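Chemist: Residue numbers (our numbering): 18 to 192.
Positions of the beta carbon are idealized from the N, C-alpha and C atoms, including for glycine.
None of these values were measured; they are calculated from a predicted model.
Take this structure, written in structure tokens, and hold onto it; I'll ask about it next.
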């Protein structure tokens, strides 16, 4: 099923515009830098500091769970390493495939914004979805990697908000 989805994307959805845009969209998620920068920017201002701390906590949780724990345990090979005949639009990643770190970080940040009731959750969520789609388009993740990354990101976002509330002595201040 995973390859059927990827092959459908390659056969029916690839376009010249997509071949140009999807690597750029994917790069936005590289190492979670855009989300880390957003968290740092939010922390700079007293009015959004609590939100920035929650996003940063969500990202820290996601990095630990995804890169530190799950990827090494799952040790799943990437689709581009199995189907080596695919035309790559980006450099072949050298780490494991499950879960998608780009997707997990993106959904962790967007979910922290959502659970903290920020108006920025929707644009962040749309960008997270685009980054997730780009990973499929680029043939560097299986659909289940992206779904697993999204689920892990949502959990990390919720935990980031919950733990920062608990640390600040707040209770039930979450959606």
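If distances are taken between C-alpha atoms only, which option among 40, 127, 82 comes closest to residue 91?
Modeler: On the chain shown, position 74 is the one that residue 91 refers to. When only C-alpha atoms are compared, the closest one is 82.
Chemist: Just tell me which of 54, 47, 79 has its CA closest to the CA of residue 178.
Modeler: Here residue 178 corresponds to residue number 161 of the chain shown, with the count starting at 1. If we check each option's Cα against that of residue 178, 79 comes out closest.
Chemist: Please classify residue 37 as buried or exposed, where buried requires at least 16 neighbouring CB atoms within 10 angstroms.
Modeler: Here the question's residue 37 lines up with position 20 in the chain shown. Classification for residue 37: exposed.
Chemist: With residue 181 as the anchor, note down where its alpha helix (DSSP H) starts and where it stops.
Modeler: For the purposes of this step, residue 181 is taken as residue 164 along the chain shown, with counting starting at 1. Segment 160-184, the alpha helix (DSSP H) holding residue 181.
Chemist: Just verifying my parser: in three-state terms, what is the DSSP assignment at residue 111?
Modeler: Reading the chain shown from its first residue, position 94 is the one you call residue 111. Looking at residue 111 - three-state DSSP - the assignment turns out to be coil, as it is neither helix nor strand.
Chemist: I need the boundaries of the alpha helix (DSSP H) containing residue 72, first residue and last residue.
Modeler: Here residue 72 refers to the residue found at position 55 of the chain shown. Note, residue 72: alpha helix (DSSP H), 66-80.
Chemist: Among the candidates 68, 131, 154, whose CA atom is the shortest distance from the CA of residue 170?
Modeler: Taking the chain shown and counting its residues from 1, one reaches residue 170 at position 153. Comparing Cα positions, the closest option is 131.
Chemist: With a 10 Å radius around its C-beta and 16 neighbouring C-beta atoms as the bar for buried, classify residue 151 as buried or exposed.
Modeler: If you number the chain shown from 1, residue 151 lands on position 134. With 16 or more Cβ atoms within 10 Å of its Cβ, residue 151 is classed as buried.
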